[in-house]
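Notes to accompany the following structure.
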Amino acid sequence: MSVSDAITRLVDFFYIPPIRSLIPHRLFRYGACGALNMTLDSVWYFLIYHFIVCKRFIDIGFVTISPHIASLIVVFPITFFTGFWLNRNVAFKATELKTTRQLMRYALTVAGAILLNYLCMKLLVDMCGVWATPAKSITTVVSAVYSFLAARYYTFRDFRRI
């Protein structure tokens, strides 16, 4: 059994009758994949912010990057590929689109999510004075709503079947 099959079986195990009547199967799988990736993102962010970036500003010559933004930059590639893999192989397994097309669409929607993350973090941390880790959690929820809508209506949608 492959890793994606094992994860799919685990997710489907929790798709119990009361939930079945409320949430479509694909939405449930997407939510589970998102929750897994969001948890991974938060754990990596915490570890990187506190133990790698160590809450320090990073001067790269032409710009100084604040610690919360530097942590976002480091965490991004990890959650980009795990999120794509989970969505492609668990949540939207039935789609017939080629991987390269999905990856390009995913990259485009993630670019929107990055901009949204950046703006939310700047607003919450720099303007509102919210601590970085709670601000990141709030930002993740806002980004998750955007990402779900983008995945459902664009990234993994096969427009040829409409």
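Counting with the numbering used here, you get residues 1 to 162 for the letters of the sequence shown. Ideal Cβ positions, reconstructed from N, Cα and C, are used throughout, including at glycine. Values in this document were obtained by computation on a predicted structure and should not be read as measured data.
Nearest in C-alpha terms to L10, of all of R29, I23, A113, R20, is R29. Between L86 and N37 a beta carbon distance of about 6 angstroms is seen, short of the 8 angstroms cut, so the two are scored as contacting. DSSP places I73 within a helical segment (H, G or I) once states are collapsed to three.
Check the Cα spacing between L108 and each of Y45, A150, I52, W44: the tightest is with A150. Out of V53, A144, L47, F13, the CA that lies nearest to the CA of G112 is found in A144. Between the alpha carbons of F76 and C128 lies a gap of roughly 24 angstroms. With a cutoff of 8 angstroms on beta-carbon distance, F156 and L97 are scored as near each other.
Here the alpha carbon of G61 sits roughly 27 angstroms from the alpha carbon of A135.
Exclusion of the five residues before and after C120 leaves A135, I138, T139, V142, S143 as the residues of its chain whose Cβ lies within less than 8 angstroms of its Cβ.
In the three-state scheme derived from DSSP, where H, G and I count as helix and E and B as strand, I60 is classed as coil. Separation of F148 and I114 (C-alpha to C-alpha, rounded to the nearest whole angstrom) is 14 angstroms. DSSP, reduced to helix, strand and coil, places I65 within a strand of the structure shown. For the options R56, Y45, Y153, the alpha carbon positioned closest to that of R105 is the one of Y153. Note on T79: 16 or more other CB atoms within 10 angstroms of its CB, so buried under the neighbour-count rule.
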